[in-house]
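Engineer: Can you read through this structure? Questions will come right after.
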Amino acid sequence: MNHMRTVPLYLRAACIAVACVAFALLLHHGAAAAPPATGKTLPDKPAALPDRSVPVAVEHDGVDTAGTRLAFELKELFNGSGLFTLTDKDVPKYRVLISSVAEFPSRPEVGSVYSVIWVYSESEETLRHYLARDVGVVTQDTAKALALKLAERTDGIGVKYSYLFDR
């Protein structure tokens, strides 16, 4: 059913007129509020943003396809992000430890159960500090979205524990 036919023509015309007047007033107000042109151009010197890049490593334990895909997608996100530096060097970093196994060994394409543990590692010789954890189910179809969720969570953990890198 077309609802526009039930609205009288004069009412539609009045609404259009009111919208046009409101739009014209907004344009006029915006032009009046604009600063006067002085003929000078502003220098193009963008300020440098503080480097918030956090070293991170992703370690996966499992041979299932969905869990492997999840680890791969997460590494790809970290590698392409300005917030993280994917590294395997012996430097202070967050480690994202992923463990996964096929939910049904006889049907691995159905999905996998996974656990993720975030730890802080000062170096290879020191104990790791537990930060957070997550568990769930992942499939080939949900691996990319789940990797994005885990990357967002990693960023939140990075902000929460940023003082660990202030040493």
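Heads up: the sequence shown is residues -33 to -1, 1 to 134, going by mature numbering (1 follows the signal peptide of the UniProt record, and there is no 0).
No residue lacks a Cβ here, since even glycine has one placed at the ideal position from N, Cα and C.
Nothing here was measured: the structure is a model prediction, and the numbers come from that model.
Taking the beta carbon of Asp55 as the centre, do at least 16 other beta carbons fall within 10 Å, making it buried, or is it exposed?
Structural biologist: exposed
Engineer: What is the rounded straight-line gap between the Cα of Tyr128 and the Cα of Asn46?
Structural biologist: 21 angstroms
Engineer: On a CA-only basis, which of Ala38, Val63, Val86, Ala33 is nearest Val77? Give me that one, please.
Structural biologist: Ala33
Engineer: Which runs of the beta strand (DSSP E) at least 3 residues long sit entirely within the stretch 22 to 99? Give them in chain order.
Structural biologist: 51 to 53, 60 to 69, 79 to 88
Engineer: How about Ala69 and Ser82: are their beta carbons less than 8 angstroms apart?
Structural biologist: no
Engineer: With a threshold of 7 angstroms, establish whether the CB of Phe51 neighbours any heavy atom of the ligand ZN.
Structural biologist: Of the ligands one can find in the structure shown there are none, so the ligand ZN has no counterpart to examine.
Engineer: What residue from Val23, Leu50, Pro75, Arg95 has the CA that sits closest to Arg36's CA?
Structural biologist: Pro75
Engineer: Between which residues of its own chain and Lys111 is the CB-CB distance below 6 angstroms, once the five residues before and five after are set aside?
Structural biologist: Excluding residues within five positions, the ones whose Cβ falls inside 6 angstroms are Glu40.
Engineer: So, helix, strand or coil for Asp11, using DSSP?
Structural biologist: coil
Engineer: In terms of alpha-carbon separation, which member of Ile84, Pro72, Gly29, Val102 lies closest to Val23?
Structural biologist: Checked all of Ile84, Pro72, Gly29, Val102; the closest Cα to Val23 is Ile84.
Engineer: Quickly, what does DSSP pair Ile105 with across the bridge? List them, please.
Structural biologist: In the sequence on display, residue 105 carries Val and not Ile. BP columns for Val105 point to Ser79.
Engineer: Can you tell me the Cα-Cα spacing of residue 143 and His27, whole angstroms?
Structural biologist: The chain is shown only over -33 to 134; residue 143 falls outside these bounds and no answer can be derived.
Engineer: Considering only the alpha carbon of each residue, which of Ser90, Asp31, Lys7 lies closest to Phe132?
Structural biologist: Residue Ser90 is the option with its Cα nearest to Phe132.
Engineer: Just to confirm, are His96 and Val104 a CB contact at a threshold of 8 angstroms?
Structural biologist: Between His96 and Val104, the C-beta spacing is not below 8 angstroms.
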